[in-house]
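Residue numbers (this note's numbering): 467 to 662.
By construction, the Cβ of each residue, glycine as well, lies at the ideal position given by its N, Cα and C atoms.
Keep in mind that this is a model prediction, so the values were computed, not measured.
Notes for the one structure printed next.
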(Lines of atoms letter the chains of each structure in order from A and count residues from 1; the text may use other names and numbers.)
(Lines give C-alpha, C1' and ligand atoms only; values in the text may rest on other atoms or scores of the structure.)
Protein backbone atom coordinates (compact mmCIF):
# COMPACT_ATOMS: atom_id res chain seq x y z
CA UNK A 1 0.00 0.00 0.00
CA UNK A 2 1.35 3.43 -0.87
CA UNK A 3 2.22 5.65 2.11
CA UNK A 4 -0.39 8.28 1.14
CA UNK A 5 -3.19 5.67 1.01
CA UNK A 6 -2.06 4.17 4.33
CA UNK A 7 -2.10 7.59 5.99
CA UNK A 8 -5.58 8.29 4.57
CA UNK A 9 -6.90 4.92 5.75
CA UNK A 10 -5.38 5.44 9.21
CA UNK A 11 -6.83 8.96 9.44
CA UNK A 12 -10.28 7.64 8.53
CA UNK A 13 -10.01 4.81 11.07
CA UNK A 14 -8.92 7.21 13.83
CA UNK A 15 -11.63 9.78 13.02
CA UNK A 16 -14.25 7.00 12.91
CA UNK A 17 -13.13 5.90 16.38
CA UNK A 18 -13.29 9.47 17.70
CA UNK A 19 -16.73 10.04 16.14
CA UNK A 20 -17.99 6.79 17.64
CA UNK A 21 -16.59 7.67 21.07
CA UNK A 22 -18.40 11.02 21.12
CA UNK A 23 -21.83 9.45 21.57
CA UNK A 24 -22.16 6.25 23.54
CA UNK A 25 -25.83 5.33 24.07
CA UNK A 26 -26.58 4.49 27.66
CA UNK A 27 -29.51 4.18 30.04
CA UNK A 28 -29.70 6.94 32.62
CA UNK A 29 -31.93 5.97 35.54
CA UNK A 30 -34.54 8.42 36.73
CA UNK A 31 -34.02 9.45 40.37
CA UNK A 32 -36.15 7.28 42.65
CA UNK A 33 -37.75 10.44 44.05
CA UNK A 34 -39.32 11.03 40.60
CA UNK A 35 -40.65 7.52 39.97
CA UNK A 36 -44.28 7.11 38.93
CA UNK A 37 -46.54 5.17 41.29
CA UNK A 38 -47.92 2.72 38.69
CA UNK A 39 -47.29 1.38 35.19
CA UNK A 40 -46.55 3.42 32.07
CA UNK A 41 -48.30 2.22 28.91
CA UNK A 42 -47.23 4.85 26.38
CA UNK A 43 -44.64 7.57 25.83
CA UNK A 44 -43.80 10.15 23.20
CA UNK A 45 -41.62 13.23 22.89
CA UNK A 46 -43.60 16.42 22.28
CA UNK A 47 -42.26 19.86 21.36
CA UNK A 48 -44.82 22.41 22.62
CA UNK A 49 -43.38 25.34 20.66
CA UNK A 50 -40.50 26.71 18.59
CA UNK A 51 -38.57 28.00 21.63
CA UNK A 52 -39.76 25.42 24.12
CA UNK A 53 -37.85 22.46 25.50
CA UNK A 54 -39.24 19.14 24.25
CA UNK A 55 -41.10 17.17 26.92
CA UNK A 56 -41.46 13.45 27.49
CA UNK A 57 -45.19 12.69 27.76
CA UNK A 58 -46.20 9.49 29.53
CA UNK A 59 -49.60 7.83 29.78
CA UNK A 60 -50.62 4.87 31.88
CA UNK A 61 -52.18 3.91 35.20
CA UNK A 62 -50.32 6.32 37.49
CA UNK A 63 -51.57 9.10 39.75
CA UNK A 64 -48.33 10.48 41.25
CA UNK A 65 -44.76 11.13 40.20
CA UNK A 66 -42.11 12.89 42.25
CA UNK A 67 -44.71 14.26 44.64
CA UNK A 68 -46.84 15.66 41.79
CA UNK A 69 -50.46 14.53 41.47
CA UNK A 70 -51.41 13.50 37.93
CA UNK A 71 -54.34 11.57 36.52
CA UNK A 72 -53.07 8.91 34.11
CA UNK A 73 -50.91 11.28 32.02
CA UNK A 74 -47.97 13.58 32.79
CA UNK A 75 -45.12 15.62 31.30
CA UNK A 76 -41.44 15.13 32.23
CA UNK A 77 -39.06 18.06 31.60
CA UNK A 78 -35.90 16.13 32.45
CA UNK A 79 -36.07 16.96 36.16
CA UNK A 80 -39.71 17.06 37.28
CA UNK A 81 -43.17 15.71 36.45
CA UNK A 82 -46.08 18.06 35.72
CA UNK A 83 -49.80 17.34 35.54
CA UNK A 84 -51.59 17.90 32.24
CA UNK A 85 -54.86 19.54 33.14
CA UNK A 86 -57.30 17.26 34.94
CA UNK A 87 -55.80 14.24 33.21
CA UNK A 88 -57.60 11.44 31.37
CA UNK A 89 -60.86 9.53 31.93
CA UNK A 90 -59.02 6.21 31.74
CA UNK A 91 -55.55 4.72 31.31
CA UNK A 92 -53.43 6.55 28.70
CA UNK A 93 -52.82 3.73 26.22
CA UNK A 94 -51.28 5.56 23.26
CA UNK A 95 -49.78 8.94 22.38
CA UNK A 96 -48.70 10.61 19.16
CA UNK A 97 -47.70 14.03 17.88
CA UNK A 98 -48.30 15.82 14.61
CA UNK A 99 -46.74 19.00 13.25
CA UNK A 100 -49.43 20.54 11.01
CA UNK A 101 -47.10 22.91 9.18
CA UNK A 102 -43.82 20.98 9.20
CA UNK A 103 -41.00 23.38 10.06
CA UNK A 104 -43.37 26.38 10.25
CA UNK A 105 -44.28 28.35 13.36
CA UNK A 106 -47.27 26.28 14.47
CA UNK A 107 -46.41 24.05 17.44
CA UNK A 108 -46.68 20.29 17.36
CA UNK A 109 -50.06 18.91 18.34
CA UNK A 110 -50.30 16.19 20.99
CA UNK A 111 -52.93 13.42 20.86
CA UNK A 112 -53.89 10.63 23.27
CA UNK A 113 -56.00 7.50 23.17
CA UNK A 114 -57.35 6.13 26.43
CA UNK A 115 -59.62 3.55 28.01
CA UNK A 116 -62.83 4.29 29.82
CA UNK A 117 -66.14 2.90 30.93
CA UNK A 118 -69.06 4.09 28.84
CA UNK A 119 -71.89 5.26 31.10
CA UNK A 120 -75.38 4.81 29.61
CA UNK A 121 -73.90 4.58 26.12
CA UNK A 122 -72.36 8.06 26.30
CA UNK A 123 -69.09 8.50 24.39
CA UNK A 124 -65.87 8.98 26.32
CA UNK A 125 -63.47 11.79 25.47
CA UNK A 126 -61.02 9.63 23.56
CA UNK A 127 -59.20 10.24 21.37
CA UNK A 128 -58.33 13.73 22.56
CA UNK A 129 -56.03 16.62 21.66
CA UNK A 130 -54.08 18.67 24.20
CA UNK A 131 -55.07 22.37 23.99
CA UNK A 132 -52.35 23.61 26.32
CA UNK A 133 -54.59 23.47 29.38
CA UNK A 134 -57.04 20.60 28.87
CA UNK A 135 -57.71 17.45 26.84
CA UNK A 136 -60.39 18.06 24.20
CA UNK A 137 -62.29 15.18 22.58
CA UNK A 138 -61.86 14.98 18.81
CA UNK A 139 -65.20 14.95 17.04
CA UNK A 140 -67.29 13.50 19.84
CA UNK A 141 -65.30 10.54 21.18
CA UNK A 142 -65.83 6.78 21.01
CA UNK A 143 -68.80 4.70 22.16
CA UNK A 144 -70.40 1.29 21.75
CA UNK A 145 -69.82 -1.29 24.45
CA UNK A 146 -69.10 -1.39 28.16
CA UNK A 147 -65.31 -1.26 28.09
CA UNK A 148 -64.22 0.97 25.22
CA UNK A 149 -60.72 2.13 24.41
CA UNK A 150 -58.41 3.59 21.80
CA UNK A 151 -55.37 1.27 21.81
CA UNK A 152 -53.37 2.80 18.98
CA UNK A 153 -53.17 6.24 17.39
CA UNK A 154 -51.05 7.57 14.52
CA UNK A 155 -50.93 10.15 11.74
CA UNK A 156 -50.62 9.04 8.11
CA UNK A 157 -51.36 10.84 4.85
CA UNK A 158 -52.91 13.84 6.59
CA UNK A 159 -55.31 11.78 8.71
CA UNK A 160 -55.41 10.75 12.36
CA UNK A 161 -55.99 6.98 12.56
CA UNK A 162 -57.25 5.17 15.66
CA UNK A 163 -57.74 1.51 16.47
CA UNK A 164 -59.15 -0.20 19.52
CA UNK A 165 -62.36 -1.50 21.04
CA UNK A 166 -65.32 0.65 19.96
CA UNK A 167 -68.29 0.51 17.60
CA UNK A 168 -68.87 4.23 17.00
CA UNK A 169 -66.75 7.37 16.92
CA UNK A 170 -68.33 10.81 16.76
CA UNK A 171 -71.67 9.14 16.02
CA UNK A 172 -70.25 7.33 12.96
CA UNK A 173 -70.34 3.50 12.88
CA UNK A 174 -66.69 2.41 12.82
CA UNK A 175 -65.98 -1.10 14.05
CA UNK A 176 -62.60 -0.85 15.84
CA UNK A 177 -60.80 1.31 13.26
CA UNK A 178 -61.45 4.85 12.03
CA UNK A 179 -59.73 7.99 10.79
CA UNK A 180 -60.25 11.75 11.24
CA UNK A 181 -59.88 13.94 8.17
CA UNK A 182 -61.34 17.38 7.31
CA UNK A 183 -63.05 17.60 10.72
CA UNK A 184 -65.00 14.38 10.20
CA UNK A 185 -64.71 10.77 11.41
CA UNK A 186 -64.88 8.00 8.83
CA UNK A 187 -64.85 4.23 9.16
CA UNK A 188 -61.58 2.76 7.94
CA UNK A 189 -61.42 0.38 5.01
CA UNK A 190 -63.45 -2.76 5.87
CA UNK A 191 -60.38 -4.91 5.14
CA UNK A 192 -58.73 -3.38 8.23
CA UNK A 193 -61.57 -4.19 10.58
CA UNK A 194 -61.23 -6.98 13.11
CA UNK A 195 -64.53 -8.75 13.54
CA UNK A 196 -63.25 -11.04 16.32
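Integer-rounded CB distance, given that residue 539 should sit under 8 Å from residue 511: That pair is no contact at about 14 Å.
Runs of 4 residues minimum, wholly inside the region 540 to 624: which ones carry the alpha helix (DSSP H) assignment? Whole alpha helix (DSSP H) segments, 4+ residues: zero.
Note down the Cα distance separating residue 616 from residue 498, rounded to an integer number of angstroms. 31 Å
Using a Cβ-Cβ cut-off of 6 Å (strictly less than) and excluding sequence neighbours within five positions of residue 632, which residues of its own chain qualify? 608, 610 and 614
Going straight from the alpha carbon of residue 529 to that of residue 599, what length do you get? 18 Å
Nearest to residue 523 by alpha carbon, out of 515, 533, 508 and 516? 508
Buried versus exposed, by CB contacts within 10 Å (16 or more), residue 562: buried
May I ask you to report which of helix, strand or coil DSSP gives residue 642? coil
With the cut-off set at 8 Å, would you say residue 500 and residue 544 are in Cβ contact? Their beta carbons are not under 8 Å apart, which means residue 500 does not touch residue 544 by this criterion.
With respect to the beta strand (DSSP E) encompassing residue 494, which residues constitute its N-terminal and C-terminal limits? No beta strand (DSSP E) contains residue 494, which DSSP labels as neither H nor E.
Straight-line Cα distance separating residue 490 from residue 638: 49 Å
Using a Cβ-Cβ cutoff of less than 8 Å, which residues in the same chain neighbour residue 622 once the five nearest sequence positions on both sides are dropped? none
Go through its chain and collect everything with a Cβ distance to residue 647's Cβ below 6 Å, but skip five positions before and after it. 625
Using the C-alpha atoms, what's the distance from residue 605 back to residue 593? 9 Å
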